[in-house]
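The opening position of the sequence shown corresponds to residue 1 in this note's numbering, with each subsequent residue numbered one higher. Note that beta-carbon positions come from the ideal geometry of N, C-alpha and C, so glycine has one too.
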Amino acid sequence: KAVEFGRAIYNNLFNYVRFQMEQLVGFISAYLLAAYLVVLGGEPFSPFVVLFLNFVITVPLAIALGLDKPASDLMEHTPRPLKQPILNRSQWVRIAFIGILTAIFVVYVEAAYYVAGDAAAEATAATMGFVAFALLSVVMGLSARYETQTAFNRDIFHDRTQMLLYGIALGMTFLATEMNVFQELLGLTSLTGDQWLIIIGCSIALLLVDEVFKFFLRRRHGHGAGRSAPAAATSIS
């Protein structure tokens, strides 16, 4: 039981680290891309939006990953070598790709509505960027629960804690764009249905891209079940 408990903790930590690194790459890449394209003055997120994203949106997702239940076949995985790093080269490549793609989606939706000198257009662009990063973060969190297994399963619906935490992230994303107190604090505005659909489309696209990664990883290792299984990650490098 002690070994199983330790593996479960490490597995959740591994998932959390991947999620945080994807977010970090996304943040940095978004600022670099916005500066290069001169979108919103090179500042895709205001300071208050950054704080809101990191504490109100990201924290529930991080807690969800930390409290996730262990996979049923966790003890069937071979032990990981003691000197093996948490993330190997191929995992870093995947993290970088997902993070950069996240930044491209964020800056794209901002640039589509940004008009320099137009306060209303700038508020819309900033809101599009905020909502895009928030929803993309939810997607990254859901996908990070499994390194190779598809995210398209219903096990999360049987875990009330997971549902609550992901629901908080989604609910606060919506409230931030609709409640006056958040709009004034964060410099955001309401979005139309079409604008929400654009962002949802980007989020689905990111999820599908990561599913392609998982598909080839399953083909490469000849299995489709189980959680992230960092214990057997040596063959991925």
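Residue i (DSSP reduced to helix, strand or coil)
i: Arg-220; result: helix
i: Val-115; result: coil
i: Met-179; result: coil
i: Ile-156; result: helix
i: Asp-194; result: helix
i: Tyr-146; result: coil
i: Val-39; result: coil
Supposed close pair residue i, residue j - CB separation, criterion 8 Å
i: Val-138; j: Leu-61; result: 7 Å
i: Leu-101; j: Leu-206; result: 6 Å
i: Phe-105; j: Leu-53; result: Not a contact, Cβ separation roughly 15 Å.
i: Ile-198; j: Val-115; result: The pair is not a contact, with the Cβ atoms about 17 Å apart (cut-off 8 Å).
i: Leu-185; j: Ala-111; result: Between Ala-111 and Leu-185 the Cβ distance is about 24 Å, and since that is not below 8 Å, they are no contact.
i: Ser-29; j: Leu-136; result: That pair is no contact at about 12 Å.
With 16 other Cβ atoms within 10 Å as the buried cut-off, status of residue i
i: Gly-226; result: Low per-residue confidence applies at Gly-226: pLDDT is 49, beneath 50, and the placement is therefore not dependable, though the value from the model is reported in the following sentence. By the neighbour-count rule (16 or more Cβ atoms within 10 Å), Gly-226 is buried.
i: Glu-178; result: exposed
i: Gly-167; result: exposed
i: Val-181; result: exposed
i: Pro-44; result: buried
Close-in-space but distant-in-sequence residues of the same chain around residue i (CB under 7 Å, 5 per side omitted)
i: Ala-35; result: Gly-42
i: Asp-210; result: Ile-98, Ser-143
i: Ala-121; result: Tyr-113, Tyr-114, Val-115
i: Ile-156; result: Gln-162, Met-163
Span separating the alpha-carbon of residue i from that of residue j
i: Gly-193; j: Ile-200; result: 10 Å
i: Glu-22; j: Gly-117; result: 32 Å
i: Phe-27; j: Ala-103; result: 7 Å
i: Val-25; j: Tyr-31; result: 10 Å
i: Ala-2; j: Ile-9; result: 11 Å
i: Asn-11; j: Trp-92; result: 17 Å
i: Ala-233; j: Ala-119; result: Low confidence applies here, because Ala-233 scores a pLDDT of 44, under 50, leaving its location unreliable; read the following figure in that light. Their Cα atoms are separated by approximately 49 Å.
i: Ile-236; j: Phe-14; result: The predicted position of Ile-236 is uncertain, since its pLDDT is 37 and thus under 50; a value taken from the coordinates is nonetheless stated next. If you take the alpha carbons of Ile-236 and Phe-14, they lie about 15 Å apart.
Close beta carbons around residue i, own chain, < 8 Å, minus the five adjacent residues each side
i: Gly-187; result: Ser-46, Phe-48, Val-49, Ala-123, Ala-126
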